[in-house]
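K.L.:
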Amino acid sequence: MQPDEYRTIDFFTEGALPAPRTTAAEAELIAAGHLGITARAQALGSQQDANFLLHAEDGTPAAVLKIANPAFGTVEIEAQDAAADLIASACPDLRIATVLRRPDGSPRSTTVDTGSGPATARLLRYLPGGTLSGPRHLSPRTVAAMGTIVGKVSTALRDFRHPGLDRVLQWDPQHADRVVAKLAGHIDEPDRRTAVRTATAEAWAHVQTLAAALPSQAVHLDLTDDNLIRRPDSRPPLPDGVIDFGDVTLSWAVGELAVSLSSMLHHDGMEPHHVLPAVRAFHAVRPLSCEEAEAVWPLVVLRAAVLVASGRHQAAVDEDNAYAKAALDREWRIFEQATSLPLPVMNRLIRDATGTADVPARAAQVGAPVRPLLRDLAATGITVLDLSTDADSMDHGAWTDTGTEARLVASALADGAAAVATRYARARLTGTPALSAMSAPTVPTGIDLWLGRDAVVQAPAAGKVLAATPGHVELTYDAQVLSLTFPREVGPVVTTGATVQVGEDIAHLTSGAAVHVALREADGPAAPRLVRPEYAAGWLALTADPAPLLGLPAASGRTHGEDLLDRRAAAFATVQEHYYADPPRIERGWRHHLLSTDGRSYLDIVNNVTPLGHAHPRVEQAVSRQLRRLNTNSRFHYASVVEFTERLAALLPDPLDTVFLVNSGSEAVDLGLRLAIGTSGRQDVVALREAYHGWTYASDAVSTSLQDNPNALATRPSWVHTVDSPNSYRGRHRGPDAVRYAPEAAQVIDELAAAGRPAGAFIGETFYGNAGGVALPDGYLAQVYAAVRRHGGLAVADEVQVGYGRLGHWFWGFEQQQVVPDIVCVAKAMGNGHPLGAVITSRAVADRYRDQGYFFSSTGGSPVSSVVGLTVLDTLRDEDLQGNAARVGGHLKSRLEALADRHGIIGAVHGSGLYLGLELVRDRVGLEPATEETAELCDRMLDLGVIVQPTGDHLNILKIKPPLCIDTTAADFFADMLDLALTQLGHFR
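Residue numbers (this note's numbering): 140 to 1128.
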């Protein structure tokens, strides 16, 4: 019996659509007997069809056998195959699961009998790579790639016509209200059933106001994570393939995007704002109209509601369908995420993302009221309380104190302020937790007001009272709603439903009362007092600044510094790169925390420039005090430069007793090389491969890091000679064999001398920083230093990154090697962020510099720089930060090593103290670098509140070098977030 050739499905007349009950053995018989392929069948999941992956005799996938639901007619199957062929032709960069065809061009299909009637079985092209299904977190690149594919498919199908598209599917958003009405009864839990029905009604009502303006066309309608195939070996997973055309139909074009967005929401760590890269990518390929942009999120909600209702229904009518039952939890998570914000909020974010937004309400600004909200309280008597990153009141970590806000208010009132008011739309740091995997609500949607004397709240204009209860009043104000919240013991003097005239009393408040004032659109949702920064633009578009009601100026409608990154790109040389593609704007730091202007706190794991921690009070006070007195150059006679150089020299072993002061590590290395070359009289220098020493001519010449310069080895000047990177983990000699590096390096030095070019210097980091904190093999520097010295050269130690106690067990890296260099170069940690560097050597070497002229650095060793240097040394000692590096660093290293048992991607944990490196590899035998995975991990860690970056020639090592003040709580937070991120990204084993 053949399926009806011209019949198309109408879901509402079919009732249940259980998938055909076909076993793997039966599928093999169908493939061999009807389609000419002998293969082993492996069942694949499906909601309403029966799918099997066919394996050839050698085990390789040969094709997919798809047995359509018997409810689907032949013309519908033909439409699906035609749509697939069309997209494959129009988008050659995409892999499409087209129907396999016989030599005559006819599809390799047949009709088979099932328990529910005849069905079409056909062979489809198999696409290797796997789907994006599962809980794995989707990176912004993956999300954007999904949006791009959806846009391309939508564009390809725009003019596609076929009689098989005339179908009524339960997945078509045009019928979402009817589907939910029909199937919601299968949702057993009353609260969930009610939630689905309520969300459906609201979303459907919104879509209906736009429906007439939504274009319709042929749509795939199932471009979900289940049906987008990742490019084989892409990292992170990036889709380039499309399967399953079973839902092809005519519907609203924008529904294509909504379906794909909804499928992202169940993945680990995904929230509504995470799908915006897909919206932007789709819009770039297939531009959305204003109405379509407005319809996207309501359609996401409708899709989510249909998924929940249909999933429960399918599980009930098709009890053996494990695929349908397994999807129930993730379908509910999709619904929860889709409805976690009011529709207008997400609508605004989507319109912002697509550039289709109109002017936000707050940009229009509320005009001056007829009467001020507070009678006889002039704006000049109101102190505006700034709680943002720019506020001086947030200095010295005040934002971490839960009582800061109350203290500041009390202080202002005590100073005579008639009232204290906060600022609208400016993120408050007082709501920021120091460590948090999720951003906190920090952006205010109104103003908080504290009264310093009795006051009368009056109607700023004529209006209607919408609500009046103890502690709360709402009334109309022009086209908006004015909301006032005050102590519950205060009863308003107006009643609900009353009409008030301008200047009429609303409430009588006493001194000390706190009032929250907010303005919102009349038909919009009530906004929380504080909202999370990711969603602030959506909320703020529904509100307005109430400051003019108090006589204060309104906040600008323009986001604070929104074009700063563009301005940086225009004026700042782009070779001076910034972290992250979409970086947070960091304007404040405290200890081991960095704070963005959005009010988000990030744990700083990368900043070895500030060993004492950000904004250390002792450094700030010392600099301020010295700037009030004197800052000049070191040719003048003053005490601080003497005291600092004495202290610095005292930290070094004999004969290192003489100090040069400069401004950076690059300068220090450059000067160190000049000293060595000038003293030895020999121009040639031996340096380690895969090392970085700086950007000046000489320091760059001896830098061979391929990440800093991909052509480093090929572009070295002739006087630079390199030896193998002594990396005992992934170098040429590994493990115990690493002892071979030193004699091989010594041999190179000896051969240079034998060739008449003895090295004037050997330079190397004393603890291999660029490789991620890998310790040099025991005895390495002793042998290499001896080799260069026996030919008249000098040993130059680069301590720029690892010196100053960061290693915990040693103040200097060369101490770990039990050697004494001839010249030591140091910077970074010396100034706690102030530009300060030094070269320490013997008097004999220092004096030889005069043979080359004189040395002078305008600000190297200035009074301010010297005072900073002294203060850093004092604080390192007084706060035992080297000891803290040993204790916290040891704890953190053990935590990271334990993670290696849970995550196979962790190859090794390098380093000592708080100079650690976590090396990520794709396999622990071949040590293939996990470069792309490391980049994705860093982006995910930023989302989780941690700033960490990659290092190494393969950029596969997390460089872990936080401020030395980091505590165990923060170290544990880092380890916990790393564990979470690795799990979410699919690296848990």
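By construction, the Cβ of each residue, glycine as well, lies at the ideal position given by its N, Cα and C atoms.
Kindly indicate the opening and closing residues of the alpha helix (DSSP H) around Cys429.
P.N.:
429-456 is the span of the alpha helix (DSSP H), which, as asked, contains Cys429.
K.L.:
With DSSP collapsed to three states, give me the class of Val629.
P.N.:
Three-state result, Val629: coil.
K.L.:
For Ser355, which three-state DSSP category applies?
P.N.:
In this structure, Ser355 counts as strand in the three-state DSSP scheme.
K.L.:
Helix, strand or coil: which one does DSSP assign to His973?
P.N.:
Residue state, collapsed to three classes: coil.
K.L.:
Since Ala207 and Thr259 are thought to touch, with beta carbons under 8 Å apart, how far apart are those beta carbons, to the nearest angstrom?
P.N.:
5 Å between Cβ atoms; contact.
K.L.:
Below 8 Å on the Cβ atoms is my guess for Ala646 versus Trp589; work out the distance and round it to an integer in Å.
P.N.:
With a Cβ gap of about 15 Å, Ala646 and Trp589 do not count as contacting.
K.L.:
State yes or no: is the C-beta of Pro572 within less than 8 Å of the C-beta of Ser740?
P.N.:
Result yes, Cβ atoms of Pro572 and Ser740 sit closer than 8 Å.
K.L.:
Since I believe Val604 is in contact with Ala637 (beta carbons under 8 Å), could you give me their beta-carbon distance rounded to a whole number of angstroms?
P.N.:
The Cβ separation is near 5 Å, so the contact holds.
K.L.:
For Arg264 and Ala236, which I take to be in contact (beta-carbon distance under 8 Å), what is that distance rounded to the nearest angstrom?
P.N.:
5 Å between Cβ atoms; contact.
K.L.:
Just tell me which of Arg562, Leu271, Pro723 has its CA closest to the CA of Asp372.
P.N.:
Ranking the options by Cα distance to Asp372, first place goes to Leu271.
K.L.:
Taking all protein chains shown into account, do 16 or more other C-beta atoms lie within 10 angstroms of the C-beta of Arg871, making it buried, or fewer, making it exposed?
P.N.:
Looking at its Cβ environment, which holds fewer than 16 other Cβ atoms inside 10 Å, Arg871 is exposed.
K.L.:
Out of Ala914, Thr749, Leu791, His1093, state which residue places its alpha-carbon closest to the alpha-carbon of Val959.
P.N.:
The residue with the shortest Cα to Cα distance from Val959 is Leu791.
K.L.:
Looking at Val935: is its Cβ nearer than 8 Å to the Cβ of Tyr1054?
P.N.:
For Val935 and Tyr1054, no; Cβs fall outside 8 Å.
K.L.:
In chain order, what are the residue ranges of uninterrupted beta strand (DSSP E) at least 3 long that sit wholly in the region 358-436?
P.N.:
Runs of the beta strand (DSSP E) inside the region 358-436: 367-369, 378-381, 388-391.
K.L.:
Please name the residue, chosen from Asp457, Thr493, Gly303, that lies closest to Leu156 on a Cα-to-Cα basis.
P.N.:
Among Asp457, Thr493, Gly303, the Cα nearest to that of Leu156 is on Asp457.
K.L.:
Report the three-state DSSP secondary structure of Pro1164 (helix, strand or coil).
P.N.:
In this structure the chain extends from 140 to 1128, so residue 1164 is not present and cannot be described.
K.L.:
Count the other C-beta atoms from every protein chain shown that fall within 10 angstroms of the C-beta of Met485, then say buried if there are 16 or more, exposed otherwise.
P.N.:
Answer is buried; the Cβ neighbour count reaches 16.
K.L.:
Using C-beta distances below 6 Å, list every residue in its chain close to Gly1050, excluding the 5 sequence neighbours before and after it, in chain order.
P.N.:
Once the five neighbours on either side are set aside, the close Cβ partners of Gly1050 are Gly912, Gly1056.
K.L.:
Mapping the DSSP letters down to three states, classify Ala1109 as helix, strand or coil.
P.N.:
Ala1109 falls in the helix class under three-state DSSP.
K.L.:
Which value, in whole angstroms, describes the spacing of the CA atoms of Tyr988 and Leu415?
P.N.:
If you take the alpha carbons of Tyr988 and Leu415, they lie about 59 Å apart.
K.L.:
So, helix, strand or coil for Trp729, using DSSP?
P.N.:
Reduced to three states, the DSSP call for Trp729 is strand.
K.L.:
Quick one: is the Cβ of Pro692 within less than 7 Å of any heavy atom of the ligand HEM?
P.N.:
No copy of the ligand HEM occurs in the structure displayed, which carries no ligand at all.
K.L.:
Hey, Leu1059 and Ala1114: beta-carbon distance below 8 Å or not?
P.N.:
No, Cβ-Cβ distance for Leu1059 and Ala1114 is not below 8 Å.
K.L.:
Between Ala566 and Pro723, is the Cβ-Cβ spacing less than 8 Å?
P.N.:
For Ala566 and Pro723, no; Cβs fall outside 8 Å.
K.L.:
With a cut-off of 8 Å, do at least 3 Cβ pairs link the region 287-296 to the region 356-368?
P.N.:
Segments in contact, yes.
K.L.:
Indicate whether Ala180 and Leu204 have their beta-carbon atoms separated by less than 8 Å.
P.N.:
Yes; because the gap between Cβ atoms is below 8 Å, this pair is in contact.
K.L.:
Ser779 by DSSP, collapsed to three states: which one?
P.N.:
Ser779 falls in the helix class under three-state DSSP.
K.L.:
Per DSSP, Asn190 forms a beta bridge with which residues?
P.N.:
According to DSSP, which records beta bridges pairwise, Asn190 is partnered with Leu183, Lys205.
K.L.:
Is the number of C-beta pairs between the region 804-811 and the region 827-846 that are closer than 8 Å three or more?
P.N.:
Yes, the region 804-811 is in contact with the region 827-846.
K.L.:
Between Thr281 and Pro411, is the Cβ-Cβ spacing less than 8 Å?
P.N.:
Against a cut-off of 8 Å, the Cβ pair of Pro411 and Thr281 comes out as no contact.
K.L.:
I believe Leu193 touches Ala227 by the beta-carbon criterion, under 8 Å. Please report the beta-carbon distance rounded to the nearest angstrom.
P.N.:
So it is not a contact: roughly 20 Å between Cβ atoms.
K.L.:
Under 8 Å between the Cβ atoms of Thr249 and Pro159?
P.N.:
No; because the gap between Cβ atoms is not below 8 Å, this pair is not in contact.
K.L.:
Going by DSSP, name the residue or residues bridged to Ile1086.
P.N.:
Per DSSP, Asp743.
K.L.:
Please give me, in chain order, every unbroken run of the alpha helix (DSSP H) with length at least 4 that falls completely inside the region 764-822.
P.N.:
Listed in chain order, the complete alpha helix (DSSP H) runs (minimum 4 residues) inside the region 764-822 are 778-789, 804-819.
K.L.:
Nearest to Asn971 by alpha carbon, out of Pro1101, Arg855, Gly947, Gly585?
P.N.:
It is Pro1101.
K.L.:
Report the residue ranges of all beta strand (DSSP E) runs contained in full by the region 950-1032; include only those spanning at least 3 residues, in chain order.
P.N.:
Complete beta strand (DSSP E) runs here, min 3: 962-965, 976-980.
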